[in-house]
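The structure appears below as structure tokens.
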Amino acid sequence: MSVFIQSVLQSFRGAVKAFQRFPASIACALGFALVVMVRIQMDWPMQEPYDFLFNCLLWALALGAVFSLAAITGAYTRFNQRLGFLTANLLGVVVVAGTFVLLYFLSGMDIAGITGYKSISGLAETRVIVAIIVSLIAFIYLAGYPKEQADFPRSFFMTLKAFFIALIYGLVILAGTSGVAGAIEALLYEGMSGKVYGYLRTISGFVAFTIFVGYFPDFRLGEKDPHRVVAQKQPRFIQVLFEYILIPIVLALTIVLFLWAGKTILSGMDTSFTGLYGIATAYTIGGILLHVVVANSESGLASFYRRVYPIAALVILAFEAWAFVIQLQKSGLKTTEYFFIIIWIIALISAILLLARKHNAYSAIALLSCIMVVITVLPVVGYQALPVSAQVNRLEKLLISQGMLENNQLIPAASIPEQEVRESITDAVIFLANAETGKLPPWFDKNLNESRTFENKMGFSQAWPGFDGPTKSLTTIIELDLEAIDISDYRWALNLQGYPYRVKESFATIEGVRGTYHVHWDVDPQSNMPTLKIQLNDQTILEQNMDNYIKGISELYPPNDGRPIQAGLEDMSFQLDTPEVTVLLVFNRVEMNKHPERDQVYYWFDLSSFFMKEK
Numbered sequence: 003m004s005v006f007i008q009s010v011l012q013s014f015r016g017a018v019k020a021f022q023r024f025p026a027s028i029a030c031a032l033g034f035a036l037v038v039m040v041r042i043q044m045d046w047p048m049q050e051p052y053d054f055l056f057n058c059l060l061w062a063l064a065l066g067a068v069f070s071l072a073a074i075t076g077a078y079t080r081f082n083q084r085l086g087f088l089t090a091n092l093l094g095v096v097v098v099a100g101t102f103v104l105l106y107f108l109s110g111m112d113i114a115g116i117t118g119y120k121s122i123s124g125l126a127e128t129r130v131i132v133a134i135i136v137s138l139i140a141f142i143y144l145a146g147y148p149k150e151q152a153d154f155p156r157s158f159f160m161t162l163k164a165f166f167i168a169l170i171y172g173l174v175i176l177a178g179t180s181g182v183a184g185a186i187e188a189l190l191y192e193g194m195s196g197k198v199y200g201y202l203r204t205i206s207g208f209v210a211f212t213i214f215v216g217y218f219p220d221f222r223l224g225e226k227d228p229h230r231v232v233a234q235k236q237p238r239f240i241q242v243l244f245e246y247i248l249i250p251i252v253l254a255l256t257i258v259l260f261l262w263a264g265k266t267i268l269s270g271m272d273t274s275f276t277g278l279y280g281i282a283t284a285y286t287i288g289g290i291l292l293h294v295v296v297a298n299s300e301s302g303l304a305s306f307y308r309r310v311y312p313i314a315a316l317v318i319l320a321f322e323a324w325a326f327v328i329q330l331q332k333s334g335l336k337t338t339e340y341f342f343i344i345i346w347i348i349a350l351i352s353a354i355l356l357l358a359r360k361h362n363a364y365s366a367i368a369l370l371s372c373i374m375v376v377i378t379v380l381p382v383v384g385y386q387a388l389p390v391s392a393q394v395n396r397l398e399k400l401l402i403s404q405g406m407l408e409n410n411q412l413i414p415a416a417s418i419p420e421q422e423v424r425e426s427i428t429d430a431v432i433f434l435a436n437a438e439t440g441k442l443p444p445w446f447d448k449n450l451n452e453s454r455t456f457e458n459k460m461g462f463s464q465a466w467p468g469f470d471g472p473t474k475s476l477t478t479i480i481e482l483d484l485e486a487i488d489i490s491d492y493r494w495a496l497n498l499q500g501y502p503y504r505v506k507e508s509f510a511t512i513e514g515v516r517g518t519y520h521v522h523w524d525v526d527p528q529s530n531m532p533t534l535k536i537q538l539n540d541q542t543i544l545e546q547n548m549d550n551y552i553k554g555i556s557e558l559y560p561p562n563d564g565r566p567i568q569a570g571l572e573d574m575s576f577q578l579d580t581p582e583v584t585v586l587l588v589f590n591r592v593e594m595n596k597h598p599e600r601d602q603v604y605y606w607f608d609l610s611s612f613f614m615k616e617k
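This note's numbering runs 2 ahead of the 1-based position in the sequence shown.
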């Protein structure tokens, strides 16, 4: 028991020391927590104008916390001078300020179609995430110095160990404090705000971060902190987990991939590329990380894994390259293919380094990983720019081959192309229309992903690959594009989306000239098909399900592989008339999922607005 208590006290003493050793990092974490608590305190309508500001602050502070950790560690392990320590902390402040300025003034993506406010672009957020990843890898590398006391594998495990210790403490603190708050709310103060739990989550997260930072030993050059040995040591149960559980699992996956390679040689490549991408990613990243963790293990199984994994990886990578080339010929370079080749390059070079340099390869692999993740967010060759360029070239070649593109002018097809060509054109158009950034040609209309616009400009309707096998679901997902709605002819607007799930009443009430209207939006529990019912003075004047609406859009939007399709207001609205009223329903999103084998159809309607006027 005394050992356990000492361990707990050591963790909290480390958290206190974190304020002294890494002041800039802890200050950023504290600032992050304060911003989160301000957001919790402000209700959404009040918070909305400041949402972009808060997001910029949070991303900047998150990067600052990790960058400062790396910079201060570098100052400790390389110099151990007061000037270096102050410079590292100052650099952390500069990074926070610079990141905030860049995000706030250069990364805003206008979403003023409805709200009039800005949002951080996905590319800008990804760049900050990449900077955080690079900073974390830099910290692990710098913490593995001097070589007499540490190396990259031991530093990596120490960081992993600190993370899970902090996570456990944070979750225990959160569970305990939330339980106390729940007891207070139930027994003493029923009117307690739910925001209290948000504050507790934020404070628990901040304390967990201080425990994470405080777990690390004294990195100062010339100091020999005995805690470093403890922090880097793998407990027996961890050794068992890695050596006798994870290594056999990865080796079993290796056998599966070898069998797949043999099957591919005999019967050709018929594997789903998306499935292969997920498996390859898990095998590559998981396999390399496991190789790092067991680098210093002396067990026979770990030694066998270190010898076998690089060779097996090279063989499997050759077949993955074959699958990649086939996919590239089929649909060109898109986002999934882009990240596949990035991971493939990392895996290939890492396997070669592990064979050539063995234990000395890890730092080079870390540097390679940093370079490759940075490449993904660069202009021209980044994950958004390069796939867009590739798909533009693919689409232009397809259109030119059908005589549909001349002098940068899109011309409707004189005759309907073959099914395969129409599928390829549709695939490229949908990808480009949904691309957030990237250079698009002047002839390309971003509304081409809408079914009617596509048909008007291309001369044929969108086409999707057929579905093989009777058990596959047929899915259609349609989303409302940003578009203004003229409601000048209507008197009332209602939000009916949540009414079927409310306990007190299942209808909305409107007081009109003719009397009292009760508006019901009832959803069938089996199929999710909604029915609109309107009563005037307790007499039903309208009762209509959405069958007629579904029949209309089903003809315009045939089932595909589940990719959302943007549609205009004409397709996403449904007007109903009675002698007493006119009603307009506007949907944000409509989903239809048909299971051919069961002959069942499931629906999901996201009703944006209900408009009504009396006649």
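Here a beta-carbon is modelled for each residue, glycine too, at the ideal position from N, C-alpha and C.
Separation of residue j from residue i, as counted between CA atoms
i, j, result
"R516", "R203", "52 Å"
"F433", "W445", "16 Å"
"L544", "S610", "20 Å"
"T542", "W494", "19 Å"
"M374", "Q411", "38 Å"
"F221", "Y78", "6 Å"
"E422", "T378", "31 Å"
"M406", "E593", "32 Å"
"F21", "C30", "11 Å"
"Q528", "Y604", "8 Å"
"M160", "V231", "10 Å"
"I116", "H361", "The predicted position of I116 is uncertain, since its pLDDT is 43 and thus under 50; a value taken from the coordinates is nonetheless stated next. Using only the alpha carbons, I get a separation of about 56 Å."
"V296", "I142", "16 Å"
"P51", "E557", "41 Å"
"R454", "E127", "33 Å"
"V525", "I555", "19 Å"
"S137", "F260", "36 Å"
DSSP-derived helix/strand/coil call for residue i
i, result
"D524", "strand"
"S365", "helix"
"S70", "helix"
"M594", "strand"
"P381", "coil"
"D579", "strand"
"A353", "helix"
"S121", "strand"
"A407", "The sequence given here has Leu at residue 407, not Ala. Looking at L407 - three-state DSSP - the assignment turns out to be strand."
"R504", "With a pLDDT of 41 at R504, under the threshold of 50, the predicted position of this residue should be treated as unreliable, and no value is reported."
"I418", "coil"
"T286", "helix"
"A569", "strand"
"S541", "The sequence given here has Gln at residue 541, not Ser. Q541 falls in the strand class under three-state DSSP."
"E484", "The amino acid occupying residue 484 in the given sequence is Leu; Glu does not appear at that position. Three-state DSSP puts L484 in coil, outside helix and strand."
"L1", "Any question about residue 1 goes unanswered here, given that the chain covers just 3 to 617."
Sequence-distant residues of its chain with Cβ nearer than 6 Å to residue i (five each side left out)
i, result
"I427", "L400"
"V38", "T204"
"N590", "L482, D608 and S610"
"L59", "V37"
"K535", "H522 and E545"
"L55", "none"
"A430", "Q393, R396 and L397"
"M574", "L482 and F589"
Spatial neighbours of residue i in its chain, beta-carbon cut-off 7 Å, leaving aside the 5 residues before and after
i, result
"F73", "Just to set this straight, residue 73 is Ala in the shown sequence, not Phe. Around A73: A90, L93 and G94."
"D491", "K615"
"F24", "S70, L71, I74 and V215"
"V198", "A183"
"L176", "L202, R203 and S206"
"P250", "none"
"A465", "Q421, R424, E425 and T428"
"T337", "Y385 and P389"
"S371", "I139 and I348"
Beta-ladder partner(s) of residue i, from DSSP
i, result
"A510", "V521"
"N547", "T533"
"M614", "W494 and V585"
"V478", "This sequence places Thr at residue 478; Val is not what is there. DSSP, once it has assigned bridges, lists M594 as partnering T478."
"W606", "E593"
"L169", "None, per the DSSP bridge assignment."
"S60", "Inspection of the sequence shows that residue 60 is occupied by Leu rather than by Ser. Answer is none; L60 lacks a bridge partner."
Other residues of its chain near residue i: CB distance less than 8 Å, five sequence neighbours each side excluded
i, result
"G280", "none"
Segment contact, 8 Å Cβ cut-off, at least three pairs: the stretch 44-60 with the stretch 101-110 | With a cut-off of 8 Å, the stretch 101-110 and the stretch 44-60 count as touching, because enough Cβ pairs lie within range.
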